[in-house]
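When the letters of the sequence shown are read in order and numbered with numbering that gives the first Met the number 0, they come out as residues 0 to 114. For every residue, glycine included, the Cβ atom is placed at its ideal position computed from N, Cα and C.
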Amino acid sequence: MFATPAYAQAAGAAAAGPEALLMQFLPLVALVILFYFLMIRPQQRRMKQHQAMLAALKRGDTVTLSSGVRGKIVRVEDAEVGLEIATGVTVKVVKSMIANVDAKGAPAPANDSKA
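Structure below.
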């Protein structure tokens, strides 16, 4: 019924201005920080580990490519490696496509027919 005077509304808005603005942006800042620790930081760590793995490649390592092809490294260059995928079949592969370096002396799978 009664309208509040304009000077009363202005006084209330002026008193709560900076605090209200801070309280509006605080959840947004918290989400950005949470996103950094849950998404960006672990991805950077994985990228550093992958770069270290690629830098440590050497001749004779058995690797798995991101496509699932497995082979043995026969030549290491700056950006590429020579990969022997079958006896006498060597292909050039970009280093960044190497997903995994298998440990030497890894046990054979249980269904392997070699005895």
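- Looking at 20, 37, 85, 72, the one whose alpha-carbon comes closest to that of residue 58 is 72.
- Setting aside the 5 residues that flank it on each side, residue 96 is surrounded in the same chain by 64, 65, each with a C-beta closer than 6 Å to its C-beta; the list follows chain order.
- For a cut-off of 8 Å, the C-beta gap from residue 52 to residue 100 is around 6 Å, short enough to register as a contact.
- Partner residues in the beta bridge of residue 69, as assigned by DSSP, are 63.
- Checking the DSSP bridge columns, you'll see residue 97 partnered with 64.
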